[in-house]
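Read through the structure below, which is laid out as structure tokens, and then see the notes.
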Amino acid sequence: MDKLEKAWRWFGDNDAVTLDHLVQMGIEGVVTALHHLPTGVMWPKDAIIRRKHRIEDKGMRWTAVESVPVSEDIKTAGSRRDEHIENYRKTIQNLGECGIDTVCYNFMPVLDWCRTILDYPHVGGGIGLCFDYPTFVAFDVFILKRPGAENYYSAEDLAEAEKVFAAMTPEQAETLCYNIIVATQGFINGAVDSSASDYKEVFLYYISRYKDIDKEQYRANLKYFIDALIPVCEKYGVNLAIHPDDPPYPILGMPRIMGCYDDMEWLEKANPSFHNGITFCTGSLSGRPENDMVAMASRFADRIHFLHLRNTRYIGHTRSFYESGHLYGDLDMPAIVEVFMREQRRRIAVGRTDWRMPVRPDHGIRILNDLDADKYNIGYPLNGRLRGIAELDGLMVGIDRMLSRE
Ligand code: DNO
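Sequential numbering of the sequence shown, starting at 15, is according to my numbering.
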């Protein structure tokens with residue numbers, strides 16, 4: 015039976031979900047990173063090998079690195095850019111020599127993913143993540159008070175945001191700020207971690223470094239990075255997989271680079287090597303309802319090396335949504351999975367070696383005893399993701415049966 019490889023994001027020894035749990039859940043591929051290493055350094059081979067052996071000792075494989083983080087100096091063409099790129103190149107070489115062939119990264123300025131509500135209620139008592147646009151505007155304009163932020167939004171959005179802000183207590187405003195800047199970022203090597211006590215100032219400083227970088231310049235910075243990496247990727251057999259922006263449009267007055275069809279087309283033209291690939295994250299891309307996910311998946315399938323699947327439901331404002339689990343929601347998940355299962359068959363038929371196409375259930379709704387403790391990283395509960403991978407697995411079995419009858 016041909017199925018996409020069932021993968022799971024594992025945060026290493028600090029993760030309350032263990033490798034043994036993964037085995038029980040039928041996970042085949044582990045997605046992990048050397049999270050203890052700071053951004054910008056080279057990953058030594060011995061540390062990579064140790065991590066790899068631990069995974070293989072349990073009968074699984076290290077199927078993708080998520081992520082080798084990209085430093086702010088690389089993104090902004092700062093003074094240490096070339097030094098950090100050199101370390102990145104060596105890291106790719108080391109990973110390739112250890113047989114790890116897929117590296118996910120993102121090129122989002124300062125913030126990685128962004129959510130405004132971490133306890134959005136679901137039917138029956140589960141809770142999940144939500145991005146509410148007016149709340150985000152309130153954060154930017156009235157709480158963070160980013161210089162010039164008020165000129166960035168329409169009068170309607172500002173009026174909505176003012177209402178949201180007026181209804182917040184000072185504690186709620188502070189929590190919102192902390193969640194956006196620190197709580198959802200620290201565990202994935204974001205720019206601002208919990209050791210920064212003046213985290214708002216640090217955050218504003220990082221944002222200010224983008225004041226002269228427009229989208230064109232930002233694309234040039236990404237191309238500079240990719241062009242330096244691709245020769246190493248080709249030599250050592252490593253596929254790069256850029257993660258889309260989440261949400262997939264500019265925020266906080268900074269450029270965003272990977273949010274729609276045109277951005278992916280630009281990426282392909284910027285460096286046509288198929289090692290210059292994509293992580294197809296349905297949840298991120300769905301933040302723009304106009305994105306035609308099936309069309310994007312079909313058009314770029316050839317260079318999609320890694321899949322993050324999760325569903326979304328739109329609410330109120332055209333930029334607001336909540337994470338609705340994996341199968342059910344406003345995205346046509348069966349159609350999207352079918353595209354990738356056909357692509358997998360195509361790869362096998364043409365003799366490509368990278369036909370596994372690891373898929374991980376991205377985020378999850380907190381259900382059952384996920385709710386009892388805060389031991390899981392935000393967005394990464396055990397039961398909610400287990401439900402997700404089980405649903406996706408069932409979907410894959412069904413699609414495989416359907417395709418094999420054609
Ligand atoms: C959020 C994740 C992202 C993703 C990075 C990849 O939960 O999907 O943090 O790992 O953007 O570099």
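C-beta atoms are modelled at their ideal positions from N, C-alpha and C, and glycine is treated no differently.
For clarity, every value in this text was computed on a predicted model and none was experimentally measured.
**Report entry** Own chain, CB closer than 8 Å to Met355, minus 5 neighbours either side, in chain order
**Finding:** Asp16, Lys17, Leu18, Met410, Ile413, Asp414 and Leu417
Query raised in the report: Straight-line CA distance for Arg68 to Glu176?
Result: One alpha carbon belongs to Arg68, the other to Glu176, and they sit about 51 Å apart.
Requested in this report: For His322, write down the residues that DSSP places opposite it in a beta bridge.
Outcome: Cys295 and Arg374, per the DSSP bridge assignment.
Query raised in the report: Closer than 7 Å: is that where the CB of Tyr263 sits relative to any heavy atom of the ligand DNO?
Result: no
Report task. Would you check if the distance between the CB atom of Tyr119 and the CB atom of His257 is smaller than 8 Å? Result -> yes
Query raised in the report: Does the distance from the CB of Ile318 to the CB of Phe294 come in under 8 Å?
Result: yes
Requested in this report: Throw me the rounded Cβ distance for the Thr105 and Val82 pair, which I believe falls under 8 Å.
Outcome: 6 Å
Requested in this report: Run the proximity test for Glu304: is its beta-carbon closer than 7 Å to any non-hydrogen atom belonging to the ligand DNO?
Outcome: no
Query raised in the report: Helix, strand or coil: how does DSSP classify Ala78 here?
Result: Looking at Ala78 - three-state DSSP - the assignment turns out to be strand.
Query raised in the report: For Arg223, which residues from the same chain have a beta carbon less than 6 Å from its beta carbon, with the 5 sequence-adjacent residues on both sides left out?
Result: Thr90
Requested in this report: Report the residue ranges of all alpha helix (DSSP H) runs contained in full by the stretch 207 to 287; include only those spanning at least 4 residues, in chain order.
Outcome: 213 to 222, 229 to 250 and 275 to 284
Query raised in the report: Do you know how far the Cα of Asn285 is from the Cα of Val178?
Result: One C-alpha to the other measures close to 44 Å.
Query raised in the report: Are the beta-carbon atoms belonging to Tyr232 and Ile292 less than 8 Å from one another?
Result: no
Query - Own chain residues within Cβ distance below 6 Å of Pro148, not counting five before or after - result: Glu174, Ala175 and Val178
Requested in this report: Could you pull out every residue in the same chain whose Cβ sits closer than 8 Å to the Cβ of Ala255, ignoring the five residues on either side in sequence?
Outcome: So the list reads Ala78, Thr116, Val117, Cys118, Tyr119, Gly291, Ile292, Thr293, Ile318, His319 and Phe320, once near-sequence residues are dropped.
**Report entry** Reference Gln107; option with closest CA among Gly92, Ala210, Lys59 and Ala152
**Finding:** Lys59
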